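Numbering (our numbering), first residue to last: 193 to 395.
Every residue gets a Cβ at the ideal spot worked out from N, C-alpha and C, and that includes glycine.
This structure is a prediction, so every number in the text was calculated from the model and none was measured.
Here's the structure, in structure tokens; my notes come after.
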Amino acid sequence: MRKLKNVSPYARFVGVLFAVSSLVLSGCAEYGGGDGWQPPVATQAPATTPQNSYSYYDSHREATVLDAVLVNAIAQIGKPYVWGGESRHHGFDCSGLIQYVLQEAGVTVPRTARAQALALPAVSFSRIRKGDLVFFNTMGAPYTHVGIYIGGDQFVSALNRHAGITVQSLHNPYWAQRLDGVRRPMPPELLAMQSLNDHVLNQ
193 MRKLKNVSPY
203 ARFVGVLFAV
213 SSLVLSGCAE
223 YGGGDGWQPP
233 VATQAPATTP
243 QNSYSYYDSH
253 REATVLDAVL
263 VNAIAQIGKP
273 YVWGGESRHH
283 GFDCSGLIQY
293 VLQEAGVTVP
303 RTARAQALAL
313 PAVSFSRIRK
323 GDLVFFNTMG
333 APYTHVGIYI
343 GGDQFVSALN
353 RHAGITVQSL
363 HNPYWAQRLD
373 GVRRPMPPEL
383 LAMQSLNDHV
393 LNQ
């Protein structure tokens with residue numbers, strides 16, 4: 193049997209160091225490349241902007257207002273027309289009816305039809321919903337008559353002393369030729385949110 197040569201302490205130290213280094217490096221290679229592991233990367237949460245801030249609650253609130261407007265409008269059918277009227281006990285004119293019905297639904301608007309049209313957001317006729325307001329040019333000027341859409345291309349309005357508060361059809365040529373636009377009654381908080389959204393989108 194051959195005798196092992198004497199190995200110096202220094203050589204033994206170098207050998208041990210080499211063996212330990214090999215184990216560490218093989219372990220790193222196995223952990224880093226064997227299963228595709230990558231260190232986690234910090235991500236930033238998307239910022240909340242006015243465009244995506246319209247919540248389910250807001251949508252539900254809008255629908256609730258429109259429902260209330262619709263119910264209150266239908267409840268006034270058959271009541272008298274009174275020039276300057278704004279009372280469910282004595283009668284309404286067209287814009288007085290709108291102001292009363294919207295106030296009952298929690299929406300405050302000015303007194304005249306023109307001011308009401310300018311105060312509320314416009315929507316296209318293709319997106320009209322029950323409870324929306326329909327405006328007409330009946331005196332050679334925009335927004336001189338207003339009614340409340342109740343579905344089926346019909347609307348409620350305070351028409352005149354003979355008809356009182358009645359249901360009219362948008363298919364009637366008189367109204368079809370004079371339709372000025374549609375407005376959506378919205379409570380103040382939703383109206384403010386839409387104004388903010390419009391401002392951001394137009395920047």
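Could you have a look at Q268 and say whether DSSP puts it in helix, strand or coil?
coil
Nearest-angstrom beta carbon gap, G343 and K322 [assumed within contact, 8 Å]
5 Å
Residue closest to V274, alpha-carbon to alpha-carbon, out of F284, G373, A267, R280:
F284
Short Cβ contact (9 Å threshold) for Q291 with Q268
no
Please name the residue or residues paired with R375 in a DSSP beta bridge.
A314, L325
S279 bridges to which residues according to DSSP?
G283
Could you pull out every residue in the same chain whose Cβ sits closer than 8 Å to the Cβ of S349, ignoring the five residues on either side in sequence?
C286, L289, H337, V338, G339, I340, I357, T358, Q360
When D250, K271, L371, H252 are compared against H354, the one with the closest alpha-carbon
K271
The alpha helix (DSSP H) enclosing Y366, as first and last residue numbers
365 to 368
Under 9 Å between the Cβ atoms of L258 and P334?
no
Could you work out which residue in H363, W367, I320 is closest to L351 when comparing CA atoms only?
W367
Any idea if G276 is buried or exposed, counting beta-carbon neighbours within 10 angstroms, 16 or more meaning buried?
exposed
Can you tell me whether DSSP reads A297 as helix, strand or coil?
coil
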